[in-house]
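A.B. asks:
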């Protein structure tokens, strides 16, 4: 599983802007799309087509790129989409589930300070 | 103060990707630099040169752009850098101070999950 080895890169500082944990987190998560994929995963979505059909309309090439980066960073992992099937889906790792407080803080700020927003995306049952 | 009028734009949805509060927050904050400026402001830094001298080395054209955007969004406002002086500095508005839980959540995640990070930037006394 070469992707998992990537997350154990022995020189994590090589590409970092600083040792600041905020800057390092933003190196991975600081763009308009990545945390929307994490949001969808937290809501129980797991398939490429699920992420692609979210209301923001993420372009499929950007979605592919972000999934690759999240896999490489060990924030998500692949799993079979259905038992015994060959198609793949995604799920959050422990590192990814730990993003929940961050996504909640962003949601809460948006709800309070951005007029007209609403948390209409519901968890998948 | 035309910038403040911008934040009262009567059609906030016009440029939005969705009404999701996470997506709307990321429309403003979702990049590698904006929240580092907010981090610096939360730590008590206030001058352009203070932000520019943070360890990540934000390019001055990007810093100018992000300050303009944060002003337009009413997340920061300008103030005199010293009493009676003409030079300007920046401070967080109530909307900007409300970003503290978000920045803390990002910091906490980085400290826990990104090896070698440390919260070495200290508040200005």
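Residue numbers (this note's numbering), protein chains in the order written: chain V, 564 to 688; chain D, 564 to 688. Glycine included, every Cβ here is placed at the ideal spot set by N, Cα and C. As the structure is a prediction and not an experimental result, all values here were calculated from the model.
1) Using a Cβ-Cβ cut-off of 9 Å, state whether residue 615 of chain D counts as contacting chain V.
2) Suppose only complete runs of 4+ residues qualify. What are the alpha helix (DSSP H) ranges in the segment 574 to 657 of chain D, listed by chain order?
3) Could you run through the segment 653 to 665 of chain D and flag, in chain order, every residue whose CB is less than 8 Å away from some CB of chain V?
4) How many angstroms separate the CA atom of residue 634 of chain V from the CA atom of residue 599 of chain D?
5) Note down the Cα distance separating residue 616 of chain V from residue 625 of chain V, rounded to an integer number of angstroms.
6) Inspect the beta-carbon positions of residue 632 of chain V and residue 589 of chain V and report whether they are closer than 9 Å.
7) Applying the criterion that 16 or more other CB atoms from any shown protein chain within 10 Å of the CB defines a buried residue, is residue 645 of chain D buried or exposed?
8) In three-state DSSP terms, what is residue 682 of chain V?
9) Is the CB of residue 628 of chain V under 9 Å away from at least one CB in chain D?
10) Can you grab the Cα-Cα spacing for the pair residue 629 of chain D / residue 597 of chain D, in whole Å?
11) Classify residue 650 of chain V as buried or exposed, calling it buried when 16 or more other Cβ atoms lie within 10 Å of its own Cβ.
12) Pick helix, strand or coil for residue 668 of chain D, following the three-state DSSP scheme.
13) Using the three-state DSSP reduction, which class does residue 673 of chain V fall into: helix, strand or coil?
14) Are residue 594 of chain V and residue 620 of chain D close, meaning C-beta to C-beta below 9 Å?
15) What residue from V:584, V:610, V:578 and V:627 has the CA that sits closest to residue 652 of chain V's CA?
16) I want to verify the contact list: residues of chain V whose CB lies under 7 Å from the CB of residue 668 of chain D, in sequence order.
17) Whole angstroms is fine: what's the gap from residue 661 of chain D's alpha carbon to residue 623 of chain V's?
18) Let me make sure I understand the geometry here. Which of D:678, D:641 and D:648 has the alpha-carbon closest to that of residue 518 of chain D?
19) Just to make sure I have the definition right: I need the residues of chain V whose C-beta is within less than 7 Å of the C-beta of residue 581 of chain D. Which are they?
20) Just to confirm before moving on: does the CB-CB distance between residue 668 of chain V and residue 636 of chain D stay below 9 Å?
C.D. replies: Here's the rundown:
1) It does not; no Cβ of chain V falls within 9 Å.
2) Within the segment 574 to 657 of chain D, the alpha helix (DSSP H) runs of at least 4 residues that lie entirely inside it are, in chain order, 584 to 592, 597 to 605, 611 to 615 and 623 to 635.
3) For the segment 653 to 665 of chain D, which is checked against every Cβ of chain V, the residues closer than 8 Å are 658, 661, 662, 664 and 665.
4) Cα to Cα, residue 634 of chain V sits roughly 25 Å from residue 599 of chain D.
5) The alpha-carbon atoms of residue 616 of chain V and residue 625 of chain V are separated by roughly 13 Å.
6) Using a Cβ distance threshold of 9 Å, residue 632 of chain V and residue 589 of chain V do not count as a contacting pair.
7) So residue 645 of chain D ends up on the exposed side.
8) Residue 682 of chain V falls in the coil class under three-state DSSP.
9) Chain D contact via Cβ: absent.
10) Distance between the alpha carbons of residue 629 of chain D and residue 597 of chain D: 6 Å.
11) With fewer than 16 other Cβ atoms within 10 Å, it is exposed.
12) Here residue 668 of chain D sits in helix by DSSP.
13) Secondary structure of residue 673 of chain V (DSSP, three-state): helix.
14) Not in contact: residue 594 of chain V and residue 620 of chain D (Cβ atoms no closer than 9 Å).
15) The residue among V:584, V:610, V:578 and V:627 with its C-alpha nearest the C-alpha of residue 652 of chain V is V:610.
16) Proximity of chain V to residue 668 of chain D at the Cβ level (cut-off 7 Å) is accounted for by 664, 665 and 668, in chain order.
17) Rounded to whole angstroms, the gap between the alpha carbons of residue 661 of chain D and residue 623 of chain V is 33 Å.
18) For residue 518 of chain D there is no data in the structure shown, the boundaries of chain D being 564 and 688.
19) Within chain V, the residues near residue 581 of chain D are 618 and 619.
20) With respect to residue 636 of chain D, residue 668 of chain V sits apart: the two C-beta atoms are not nearer than 9 Å.
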